[in-house]
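K.L.:
Provided herewith is a single structure, encoded as structure tokens, for subsequent inquiry.
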Amino acid sequence: MFKRTHIASAIVLAFTCQFAYAQQEAINTPEESVDEIEVIQVTGIRGSLNKALDEKRASVQIVDAIIAEDIGKFPDNNVVEALQRVTGVQTTGRGAGEVSQVSIRGLSDVHTTVNGRDIFTGAGRDVALQDIPASLLSGVTVYKTRSADQVERGIAGSIDIKTNRPFNFDGKKVVLAARGIYSDQPDKVDPNVSALLSNRWELDGGGEFGALFNVSYSETHYRDDTITAGAAFPFFTNK
0 MFKRTHIASA IVLAFTCQFA YAQQEAINTP EESVDEIEVI QVTGIRGSLN
50 KALDEKRASV QIVDAIIAED IGKFPDNNVV EALQRVTGVQ TTGRGAGEVS
100 QVSIRGLSDV HTTVNGRDIF TGAGRDVALQ DIPASLLSGV TVYKTRSADQ
150 VERGIAGSID IKTNRPFNFD GKKVVLAARG IYSDQPDKVD PNVSALLSNR
200 WELDGGGEFG ALFNVSYSET HYRDDTITAG AAFPFFTNK
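Numbering that gives the first Met the number 0 applies: residue 0 is where the sequence shown begins, and numbers increase by one.
Spelled out as structure tokens, the structure:
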């Protein structure tokens, strides 16, 4: 005679659970599809923007600056086109296919310097900014207010053009850049080529000696189509 006890019930229950587990059918789950994540890489000019902000913070004047991220990274052809990116600076005089005049806050009396010094040309004491290629620049600073340590002149403000120097680089630096700009109206490709070679040497007596060679060549083709109503020359009559 079988006597039911708690231990016997537990043993029977255990065998039942194992049997039920063995009879369970495996459920085939479909393989999860792996979504491919599209990687978007953004390359910006964060370094140049940070340098420009640092220069504005360190100055006691109201200034704006454009700092080249690297040599030849200015997308513009000359200094005037680069200044179009500065707040409060207007460029006019678009003749011969490029801008040539700069005004600050609507005033045209602008003082221009190169590396903080006046430059004298045959046309006067102002620098022809449209003749300076952007590939020769390390940065441009626009001073909208004046200070006592700056050269006088320029009611509107002052523009300081900073060129590349050998001590701006760590050791040897060689940069070659070339590009072509297609002009639709003249149907020409304008070449723009620049080269930079810079190096630094340590002297035996202490200190360093640096030398830099920077050259740029460019051509600009343009075509202007105009229509003038009336006589081409004034017509005079004798009374």
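For each residue, glycine too, the CB sits at the ideal point set by N, CA and C.
Which value, in whole angstroms, describes the spacing of the CA atoms of I118 and I36?
P.N.:
Within the sequence shown, the letter at position 119 stands for residue 118. Within the sequence shown, the letter at position 37 stands for residue 36. Each residue's alpha carbon lies about 56 Å from the other.
K.L.:
Quick one: which unbroken beta strand (DSSP E) runs of 3-plus residues sit fully inside the segment 146-171? Chain order, please.
P.N.:
Listed in chain order, they are 156-162.
K.L.:
Can you name the start and end residues of the beta strand (DSSP E) that A251 belongs to?
P.N.:
Lying before the first or after the last residue shown, residue 251 is absent from the chain, which here runs from 0 to 238.
K.L.:
When the Cα atoms are used, what is the spatial distance from V109 to V214?
P.N.:
Taking the sequence shown and counting its residues from 1, the one referred to as residue 109 is at position 110. Taking the sequence shown and counting its residues from 1, the one referred to as residue 214 is at position 215. Looking at the two C-alpha atoms, the distance is approximately 27 Å.
K.L.:
What residue range is occupied by the uninterrupted alpha helix (DSSP H) comprising L82?
P.N.:
Position 83 of the sequence shown, counted from the first residue, corresponds to residue 82. First-last of the alpha helix (DSSP H) with L82: V78 to L82.
K.L.:
Here's a check: name, in chain order, each residue in its chain whose Cβ is nearer than 6 Å to the Cβ of K50, leaving out the five neighbours to either side.
P.N.:
In the sequence shown, counting from the first residue as 1, residue 50 sits at position 51. Contacts found: I66.
K.L.:
Between the Cα of N167 and those of T86, G209 and R56, spot the shortest distance and give me the residue it belongs to.
P.N.:
Here residue 167 refers to the residue found at position 168 of the sequence shown. For the residues T86, G209 and R56, the minimum Cα distance to N167 belongs to G209.
K.L.:
S182 bridges to which residues according to DSSP?
P.N.:
As a working note, residue 182 is residue 183 in the sequence shown. According to DSSP, which records beta bridges pairwise, S182 is partnered with K187.
K.L.:
S58: which of S102, D130 and Q149 sits nearest, CA to CA?
P.N.:
By one-based count along the sequence shown, residue 58 stands at place 59. Taking only the C-alpha atoms, the option nearest S58 is Q149.
K.L.:
If you draw a straight line from the alpha carbon of I226 to that of Y216, how long is it in whole angstroms?
P.N.:
The residue labelled residue 226 in the question sits at position 227 within the sequence shown. The residue labelled residue 216 in the question sits at position 217 within the sequence shown. Distance between the alpha carbons of I226 and Y216: 33 Å.
K.L.:
May I ask which residues mark the beginning and end of the beta strand (DSSP E) holding H110?
P.N.:
What you label residue 110 is simply residue 111 of the sequence shown in a count that begins at 1. Per DSSP, H110 belongs to the beta strand (DSSP E) from V109 to V113.
K.L.:
Given this structure, state the Cα-to-Cα distance separating T162 from G229, to the nearest angstrom.
P.N.:
The residue labelled residue 162 in the question sits at position 163 within the sequence shown. The residue labelled residue 229 in the question sits at position 230 within the sequence shown. Cα to Cα, the separation comes out at about 48 Å.
K.L.:
Look at the Cβ atom of V88, then the Cβ atom of I103, and state whether they are nearer than 8 Å.
P.N.:
Numbered from 1 along the sequence shown, position 89 holds the residue referred to as residue 88. Numbered from 1 along the sequence shown, position 104 holds the residue referred to as residue 103. A contact, by the Cβ cut-off of 8 Å.
K.L.:
Taking the DSSP output, what are the residues bridged to D63?
P.N.:
Numbered from 1 along the sequence shown, position 64 holds the residue referred to as residue 63. V141.
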